[in-house]
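Just below is one structure, and these are the notes that go with it.
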Amino acid sequence: MKQQAETPPVFSGKRILVIGGTGGIGAALAKKLLDAGGKVSVIGRHNPFPAKDNPAPERHAAVFLPLNLDDPACLPDLTAAAAHTDVLCVVRGPFLQKPLHETSGAEWMQTVFANLAVPGAAVSAALPGMRSRRWGRILLFGGTRTEAVRGFATNAAYAAAKTGISSLVRSVAENYAAEGISCTGICPGFTDTEYLTAETRAQLAAKIPGGKLIPAEAAASLGMRLLSDFCLNGCILTPDCGWTPRTAG
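Sequential numbering of the sequence shown, starting at 1, is according to UniProt numbering.
And the structure:
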(Lines of atoms letter the chains of each structure in order from A and count residues from 1; the text may use other names and numbers.)
(Lines give C-alpha, C1' and ligand atoms only; values in the text may rest on other atoms or scores of the structure.)
Protein backbone atom coordinates (compact mmCIF):
# COMPACT_ATOMS: atom_id res chain seq x y z
CA MET A 1 0.00 0.00 0.00
CA LYS A 2 1.43 3.35 -1.03
CA GLN A 3 1.97 5.75 1.83
CA GLN A 4 0.90 9.35 1.45
CA ALA A 5 3.67 11.93 1.66
CA GLU A 6 3.68 13.92 4.87
CA THR A 7 2.25 17.41 4.65
CA PRO A 8 5.12 19.90 5.08
CA PRO A 9 4.97 22.03 8.24
CA VAL A 10 3.15 25.30 7.74
CA PHE A 11 6.22 27.37 8.64
CA SER A 12 8.84 25.43 6.68
CA GLY A 13 10.74 27.84 4.45
CA LYS A 14 8.41 30.74 5.24
CA ARG A 15 9.85 34.23 5.69
CA ILE A 16 9.00 35.23 9.24
CA LEU A 17 9.48 38.55 11.00
CA VAL A 18 9.22 38.79 14.80
CA ILE A 19 9.13 42.41 15.95
CA GLY A 20 10.18 42.45 19.58
CA GLY A 21 11.77 39.03 19.18
CA THR A 22 14.87 39.71 21.24
CA GLY A 23 13.54 38.81 24.69
CA GLY A 24 10.61 37.52 26.71
CA ILE A 25 7.69 36.02 24.79
CA GLY A 26 9.08 37.28 21.48
CA ALA A 27 12.36 35.40 21.80
CA ALA A 28 10.53 32.24 22.89
CA LEU A 29 8.23 32.51 19.87
CA ALA A 30 11.12 33.16 17.48
CA LYS A 31 12.89 30.02 18.73
CA LYS A 32 9.78 27.92 18.14
CA LEU A 33 9.41 29.30 14.63
CA LEU A 34 13.06 28.52 13.93
CA ASP A 35 12.56 24.99 15.17
CA ALA A 36 9.58 24.71 12.82
CA GLY A 37 11.83 25.45 9.84
CA GLY A 38 11.01 29.10 9.30
CA LYS A 39 13.42 31.70 7.93
CA VAL A 40 13.20 33.99 10.93
CA SER A 41 14.26 37.61 11.27
CA VAL A 42 13.98 39.38 14.61
CA ILE A 43 13.88 43.11 15.27
CA GLY A 44 15.13 44.65 18.49
CA ARG A 45 18.19 46.13 20.12
CA HIS A 46 20.29 43.03 20.75
CA ASN A 47 20.80 39.68 19.06
CA PRO A 48 19.14 36.89 21.09
CA PHE A 49 20.50 34.16 18.81
CA PRO A 50 24.27 34.33 18.43
CA ALA A 51 25.56 31.66 16.07
CA LYS A 52 26.81 29.43 18.88
CA ASP A 53 23.32 29.39 20.45
CA ASN A 54 21.30 28.91 17.27
CA PRO A 55 18.44 26.61 18.36
CA ALA A 56 18.13 25.03 14.91
CA PRO A 57 21.60 25.01 13.31
CA GLU A 58 20.59 22.31 10.84
CA ARG A 59 17.91 24.58 9.42
CA HIS A 60 18.21 28.37 9.46
CA ALA A 61 19.97 30.91 11.61
CA ALA A 62 17.91 33.87 12.76
CA VAL A 63 18.64 37.19 11.08
CA PHE A 64 18.97 40.04 13.55
CA LEU A 65 17.79 43.51 12.49
CA PRO A 66 18.91 46.15 15.02
CA LEU A 67 16.25 48.85 15.14
CA ASN A 68 15.23 51.28 17.85
CA LEU A 69 11.47 50.77 17.79
CA ASP A 70 10.90 53.81 20.00
CA ASP A 71 12.26 56.14 17.30
CA PRO A 72 9.98 57.08 14.38
CA ALA A 73 13.09 57.05 12.20
CA CYS A 74 12.86 53.24 12.32
CA LEU A 75 9.74 53.17 10.14
CA PRO A 76 11.37 52.98 6.67
CA ASP A 77 13.55 50.01 7.68
CA LEU A 78 10.73 48.41 9.65
CA THR A 79 8.23 48.56 6.80
CA ALA A 80 10.83 47.39 4.28
CA ALA A 81 11.44 44.29 6.40
CA ALA A 82 7.73 43.64 6.88
CA ALA A 83 6.97 43.98 3.17
CA HIS A 84 8.63 40.67 2.33
CA THR A 85 7.27 38.46 5.10
CA ASP A 86 4.88 35.53 4.98
CA VAL A 87 4.41 35.51 8.75
CA LEU A 88 4.40 38.70 10.84
CA CYS A 89 4.49 38.64 14.64
CA VAL A 90 4.51 41.81 16.74
CA VAL A 91 5.29 40.96 20.35
CA ARG A 92 6.63 44.24 21.66
CA GLY A 93 4.81 46.84 23.74
CA PRO A 94 6.62 49.14 26.20
CA PHE A 95 4.55 49.75 29.32
CA LEU A 96 3.69 53.15 30.80
CA GLN A 97 2.16 53.26 34.26
CA LYS A 98 0.83 56.74 35.01
CA PRO A 99 -2.63 58.12 35.75
CA LEU A 100 -4.09 60.30 33.03
CA HIS A 101 -3.59 63.58 34.89
CA GLU A 102 0.17 62.90 35.06
CA THR A 103 0.64 61.70 31.47
CA SER A 104 2.37 64.25 29.25
CA GLY A 105 1.74 64.85 25.58
CA ALA A 106 5.17 63.46 24.77
CA GLU A 107 4.38 60.29 26.72
CA TRP A 108 1.12 59.91 24.84
CA MET A 109 2.92 60.24 21.51
CA GLN A 110 5.63 57.76 22.48
CA THR A 111 3.23 55.21 23.95
CA VAL A 112 0.82 55.23 21.02
CA PHE A 113 3.68 55.15 18.52
CA ALA A 114 5.38 52.14 20.07
CA ASN A 115 2.26 50.16 20.94
CA LEU A 116 -0.06 50.89 18.01
CA ALA A 117 1.62 52.79 15.16
CA VAL A 118 4.55 50.36 14.90
CA PRO A 119 2.32 47.25 14.70
CA GLY A 120 -0.10 49.04 12.39
CA ALA A 121 2.63 50.20 10.01
CA ALA A 122 4.13 46.70 9.92
CA VAL A 123 0.75 45.15 9.13
CA SER A 124 0.05 47.67 6.37
CA ALA A 125 3.47 47.00 4.84
CA ALA A 126 3.08 43.21 5.00
CA LEU A 127 -0.42 42.97 3.51
CA PRO A 128 0.31 43.77 -0.17
CA GLY A 129 2.82 40.93 -0.48
CA MET A 130 0.61 38.52 1.43
CA ARG A 131 -2.30 39.43 -0.84
CA SER A 132 -0.25 38.82 -3.98
CA ARG A 133 0.75 35.37 -2.67
CA ARG A 134 -2.75 34.75 -1.29
CA TRP A 135 -1.23 33.53 1.96
CA GLY A 136 -0.21 35.23 5.18
CA ARG A 137 -0.26 34.88 8.94
CA ILE A 138 -0.24 37.79 11.39
CA LEU A 139 -0.03 37.56 15.18
CA LEU A 140 -0.29 40.67 17.35
CA PHE A 141 0.13 40.98 21.10
CA GLY A 142 -2.06 43.30 23.13
CA GLY A 143 -1.87 44.04 26.84
CA THR A 144 -3.46 42.52 29.90
CA ARG A 145 -7.26 42.95 29.73
CA THR A 146 -7.12 45.03 26.54
CA GLU A 147 -9.14 42.60 24.44
CA ALA A 148 -12.20 44.79 25.14
CA VAL A 149 -12.83 48.47 25.87
CA ARG A 150 -12.28 49.06 29.59
CA GLY A 151 -11.29 51.86 31.91
CA PHE A 152 -7.86 51.84 33.55
CA ALA A 153 -6.78 53.90 36.54
CA THR A 154 -2.99 53.88 36.28
CA ASN A 155 -2.10 52.91 32.71
CA ALA A 156 -4.79 54.45 30.51
CA ALA A 157 -2.47 55.60 27.70
CA TYR A 158 -0.87 52.19 27.35
CA ALA A 159 -4.22 50.40 27.57
CA ALA A 160 -5.82 52.71 25.00
CA ALA A 161 -3.06 51.95 22.50
CA LYS A 162 -3.16 48.22 23.20
CA THR A 163 -6.95 48.10 22.92
CA GLY A 164 -6.43 49.42 19.41
CA ILE A 165 -4.50 46.22 18.66
CA SER A 166 -7.69 44.21 19.17
CA SER A 167 -9.47 46.40 16.63
CA LEU A 168 -6.57 45.92 14.22
CA VAL A 169 -6.76 42.13 14.60
CA ARG A 170 -10.46 42.08 13.82
CA SER A 171 -10.06 44.49 10.90
CA VAL A 172 -7.45 42.31 9.20
CA ALA A 173 -9.33 39.09 9.97
CA GLU A 174 -12.59 40.34 8.49
CA ASN A 175 -11.20 42.05 5.40
CA TYR A 176 -8.45 39.70 4.20
CA ALA A 177 -9.55 36.15 5.08
CA ALA A 178 -10.81 35.58 1.54
CA GLU A 179 -7.24 36.17 0.32
CA GLY A 180 -5.74 33.48 2.54
CA ILE A 181 -4.57 35.85 5.28
CA SER A 182 -5.33 35.31 8.96
CA CYS A 183 -4.76 37.65 11.89
CA THR A 184 -4.98 36.68 15.54
CA GLY A 185 -4.09 38.24 18.88
CA ILE A 186 -2.96 37.43 22.38
CA CYS A 187 -3.59 39.68 25.39
CA PRO A 188 -1.56 37.86 28.03
CA GLY A 189 -1.88 38.25 31.76
CA PHE A 190 1.14 38.68 34.00
CA THR A 191 3.98 36.85 32.25
CA ASP A 192 7.28 35.66 33.68
CA THR A 193 10.13 37.17 31.66
CA GLU A 194 13.71 38.22 32.29
CA TYR A 195 12.56 41.83 32.53
CA LEU A 196 10.89 41.36 35.93
CA THR A 197 12.70 41.91 39.20
CA ALA A 198 12.27 39.33 41.94
CA GLU A 199 10.16 41.81 43.90
CA THR A 200 7.85 42.56 40.97
CA ARG A 201 7.56 38.86 40.15
CA ALA A 202 6.43 38.10 43.70
CA GLN A 203 3.95 41.01 43.76
CA LEU A 204 2.32 39.94 40.50
CA ALA A 205 2.23 36.26 41.40
CA ALA A 206 0.36 37.09 44.60
CA LYS A 207 -2.50 38.51 42.51
CA ILE A 208 -2.99 35.43 40.35
CA PRO A 209 -5.12 32.40 41.28
CA GLY A 210 -2.61 29.63 41.86
CA GLY A 211 0.16 32.11 42.60
CA LYS A 212 2.16 31.54 39.40
CA LEU A 213 2.97 33.83 36.50
CA ILE A 214 2.38 32.71 32.93
CA PRO A 215 5.59 31.22 31.49
CA ALA A 216 6.81 33.00 28.36
CA GLU A 217 7.06 29.57 26.72
CA ALA A 218 3.35 28.98 27.32
CA ALA A 219 2.39 32.27 25.68
CA ALA A 220 4.67 31.45 22.75
CA SER A 221 3.05 28.02 22.37
CA LEU A 222 -0.36 29.68 22.15
CA GLY A 223 1.05 31.94 19.46
CA MET A 224 2.19 28.93 17.45
CA ARG A 225 -1.28 27.44 17.71
CA LEU A 226 -2.92 30.62 16.45
CA LEU A 227 -0.49 30.93 13.57
CA SER A 228 -0.94 27.30 12.56
CA ASP A 229 -4.72 27.10 12.24
CA PHE A 230 -6.59 29.33 9.79
CA CYS A 231 -9.87 28.43 11.52
CA LEU A 232 -8.72 30.60 14.45
CA ASN A 233 -8.62 33.72 12.27
CA GLY A 234 -9.82 36.71 14.30
CA CYS A 235 -9.39 35.03 17.69
CA ILE A 236 -7.98 37.10 20.54
CA LEU A 237 -6.84 34.91 23.43
CA THR A 238 -6.53 36.13 27.01
CA PRO A 239 -4.29 33.67 28.88
CA ASP A 240 -4.32 35.03 32.43
CA CYS A 241 -4.72 32.00 34.72
CA GLY A 242 -8.18 33.22 35.70
CA TRP A 243 -7.01 36.57 37.08
CA THR A 244 -9.60 39.32 37.49
CA PRO A 245 -8.76 42.59 39.25
CA ARG A 246 -10.37 42.86 42.65
CA THR A 247 -12.11 46.17 43.27
CA ALA A 248 -13.25 47.49 46.59
CA GLY A 249 -16.86 46.64 47.39
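All C-beta atoms in this analysis are idealised placements derived from N, C-alpha and C, irrespective of residue type, glycine included. All figures in this text were calculated on a predicted structure; none of them were measured in a lab.
Check: Nearest to residue 125 by CA position, among 113, 186 and 80, is which residue?; Outcome: 80
Check: Let me know the secondary structure DSSP gives residue 119 once reduced to three states.; Outcome: helix
Check: How should residue 102 be labelled, buried or exposed, when 16 other C-beta atoms within 10 angstroms of its C-beta is the threshold for buried?; Outcome: exposed
Check: Helix, strand or coil for residue 192, going by three-state DSSP, please let me know.; Outcome: strand
Check: Report all residues from its chain with a CB closer than 7 angstroms to the CB of residue 242; omit the five preceding and five following residues, and keep chain order.; Outcome: 209
Check: Report the three-state DSSP secondary structure of residue 94 (helix, strand or coil).; Outcome: coil
Check: I'd like the ranges of any beta strand (DSSP E) spanning at least 3 consecutive residues and lying wholly in the stretch 10-55.; Outcome: 15-19 and 39-44
Check: Among the residues of its own chain, which have a CB less than 8 angstroms from the CB of residue 166, if the five just before and after it don't count?; Outcome: 142, 146, 147, 148, 185, 187 and 236
Check: Which value, in whole angstroms, describes the spacing of the CA atoms of residue 193 and residue 212?; Outcome: 12 angstroms
Check: Would you list the one or two residues that DSSP bridges to residue 68?; Outcome: In DSSP, residue 68 forms no bridge with anything.
Check: Hey, quick one: how far does the beta strand (DSSP E) through residue 104 stretch, first residue to last?; Outcome: Premise fails: residue 104 is in no beta strand (DSSP E) and is neither H nor E.
Check: Quick one: grab the DSSP three-state call for residue 165.; Outcome: helix
Check: Over what stretch of residues does the beta strand (DSSP E) that includes residue 140 continue unbroken?; Outcome: 136-141
Check: Where does residue 238 fall in DSSP's three states?; Outcome: coil
Check: Would you decide whether residue 122 is buried or exposed? Buried here means 16 or more other CB atoms lie within 10 Å of its CB.; Outcome: buried
Check: By a C-beta neighbour count over all protein chains shown, 10 Å radius and 16 as the cutoff for buried, is residue 41 buried or exposed?; Outcome: buried
Check: Touching or not, the stretch 9-17 and the stretch 31-41, by the rule of three or more beta carbon pairs under 8 angstroms?; Outcome: yes
Check: Residue 91 and residue 228 look like a contact to me (Cβ under 8 angstroms); what is the Cβ gap, rounded to whole Å?; Outcome: No, residue 91 and residue 228 are not in contact; Cβ-Cβ is about 17 angstroms, not under 8 angstroms.
Check: Given a cut-off of 8 angstroms on the beta-carbon distance, is the pair residue 182 and residue 233 in contact?; Outcome: yes
Check: Contact defined as beta carbons within less than 8 angstroms: I believe residue 239 pairs with residue 219. What is the distance between those atoms, to the nearest angstrom?; Outcome: 6 angstroms
Check: Quickly, what does DSSP pair residue 233 with across the bridge? List them, please.; Outcome: Paired residue(s): none; residue 233 is not in a bridge.
Check: Any idea which residues DSSP pairs residue 215 with across the strands?; Outcome: 192
Check: For residue 116, which residues in the same chain have their Cβ closer than 6 angstroms to its Cβ, ignoring the five residues on either side in sequence?; Outcome: 161 and 164
Check: Relative to the C-alpha of residue 177, which candidate in 230, 197 and 154 has its C-alpha closest?; Outcome: 230
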